[in-house]
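Undergrad: Encoded as structure tokens, here's the structure I'll be asking about.
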Amino acid sequence: MKYILLIVFIVCVTSIILGYNLDVSYGEKLIGGGVLGLFFVFIPLFSYHRWKGRDIKEYMITKENLDKMRDKERRK
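Heads up, the sequence shown stops at 81 in the numbering used here, and the numbers go up one at a time, no gaps.
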């Protein structure tokens, strides 16, 4: 997954850079394709890769988590 993310990122960034630097009629399409690739392909894949195997409830504000945070503050 790490290599897929790297390849997608390099392709998207290269597309954006080439769209700016090349003087072709489809330069704006290269830029748009690169941006769409970053936002609709790279970021969801990256988010899935980083959050895989984690419990979402650990990051939500619940009564139990608030109590844990308050206990930590009292100990300091």
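Note that the Cβ used here is the ideal one computed from N, Cα and C, for glycine as well.
Give me the residue from I61, C17, I48 and R75 with the minimum Cα distance to K34.
TA: It is C17.
Undergrad: On the three-state DSSP scale, how would you describe D72?
TA: Three-state DSSP puts D72 in a helix.
Undergrad: Could you tell me the alpha carbon to alpha carbon distance between F44 and K62, rounded to whole angstroms?
TA: Those two C-alpha atoms are separated by around 26 Å.
Undergrad: Below 8 Å on the Cβ atoms is my guess for L11 versus H54; work out the distance and round it to an integer in Å.
TA: Not really, about 11 Å apart at Cβ, beyond 8 Å.
Undergrad: With a cut-off of 8 Å on the beta carbons, I'd call V40 and I21 a contact; round off their distance for me.
TA: Yes, V40 and I21 are in contact; Cβ-Cβ is about 7 Å, under 8 Å.
Undergrad: So, is G58 buried or exposed, given that buried needs 16 or more other C-beta atoms within 10 angstroms?
TA: G58 is exposed by the Cβ-count criterion.
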